[in-house]
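Take a look at the structure below.
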Amino acid sequence: MPSDSTTDSALDSSLESTLKSTTPPAATLLPIVVLISGAGSNLQAIIDAKINDDLPVTIQAVICNRRDAPGLLRAQQAGISTELVEQAQYATREDFDAALQQCIEKYQPALIVLAGFMRILTDAFVNHYRGKTINIHPSLLPAFRGLNTHQRAIDAKVTEHGTTVHFVTQELDGGPAIIQASVPVYPNDNTAKLAQRVLEKEHLIFPLAIRLIAEGRLVYTNNNVYLDNQPLQEPLQYPDP
Ligand code: GRF
3 MPSDSTTDSA
13 LDSSLESTLK
23 STTPPAATLL
33 PIVVLISGAG
43 SNLQAIIDAK
53 INDDLPVTIQ
63 AVICNRRDAP
73 GLLRAQQAGI
83 STELVEQAQY
93 ATREDFDAAL
103 QQCIEKYQPA
113 LIVLAGFMRI
123 LTDAFVNHYR
133 GKTINIHPSL
143 LPAFRGLNTH
153 QRAIDAKVTE
163 HGTTVHFVTQ
173 ELDGGPAIIQ
183 ASVPVYPNDN
193 TAKLAQRVLE
203 KEHLIFPLAI
213 RLIAEGRLVY
223 TNNNVYLDNQ
233 PLQEPLQYPD
243 P
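Remember, my numbering sits 2 above the position in the sequence shown when you count from 1.
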């Protein structure tokens, strides 16, 4: 189930020059774990970027909270270790997050990638991995935090919608944004059509954000995001087609 992956030629000059900036790529591979709950198309985009575009990461494990998630099969087909941590097995949210943390620690990741992980995490968990957890959200944050973003965008009659990769903080979908991509919203759109249009952009920007972190160029520290040692004041914008 391959997904699209980006090439430099797809980028406009400003983002392209950012991505090609001076710092050489790190020689080592960043250990990551990917947390999923569902289809895993973003996971697939990361796998494909590693295979096709030398994304400098090693995917230590895919951790899933739903036994029937199709994304588990994608991981297995790629030869990646999988782990199931099911919420039904735990009495409280705190217990679940403690088990999740214990599972993650087995793999010693430098970055935790929430790729469609449909679970609100406790403050304790988020704080433990602060600066080391990123999420992809299907809206142009800060617009439409939370669920059902595509229908809410249609209902709000916005003409532009999209997706954001951001660092995870205690504020739901509120952590500092790294990169965004926009799509048009057409008058005859339905949720499925709009979701598919957004998803195609997600598959492009998620590997880009992971690459910047893996290359040591993008860091979140002391409540600030830095790109090439400069504060990132606004999220990077993936160019319109
Ligand atoms: C994506 O739309 C993502 O933005 C949201 O959940 C969806 C996951 O899709 N957080 P997939 O499982 O990666 O296909």
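For glycine and all other residues, C-beta sits at the position ideal for the given N, C-alpha and C. All values derive from a computational prediction rather than experimental measurement.
In this structure, residue 204 lies away from residue 114, with their beta-carbon atoms at least 9 Å apart.
Going by DSSP, residue 86 is part of the beta strand (DSSP E) stretching over 84–86. By the 16-neighbour rule on beta-carbons within 10 angstroms, residue 78 is exposed. In the DSSP secondary-structure assignment, residue 37 is bridged to 65, 116.
Shown here, residue 184 sits in a strand according to DSSP, grouped into three states. With a 10 Å radius around the Cβ and a threshold of 16 neighbouring Cβ atoms, residue 43 comes out buried. At a threshold of 8 Å, residue 133 does not count as near the ligand GRF, since its beta carbon sits no closer than that to any of the ligand's heavy atoms.
The residue among 134, 131, 159, 85 with its C-alpha nearest the C-alpha of residue 146 is 159. In the DSSP assignment, residue 73 falls within the alpha helix (DSSP H) that extends over 73–79.
Annotated as proximal: residue 106 and residue 35, with beta-carbon spacing under 9 Å. In this structure residue 165 touches residue 183 by the C-beta definition: roughly 6 Å separates them, less than 8 Å. The alpha-carbon separation between residue 86 and residue 143 amounts to approximately 30 Å.
Contact between residue 72 and residue 41 holds: their C-beta atoms lie close to 5 Å from each other, under 8 Å.
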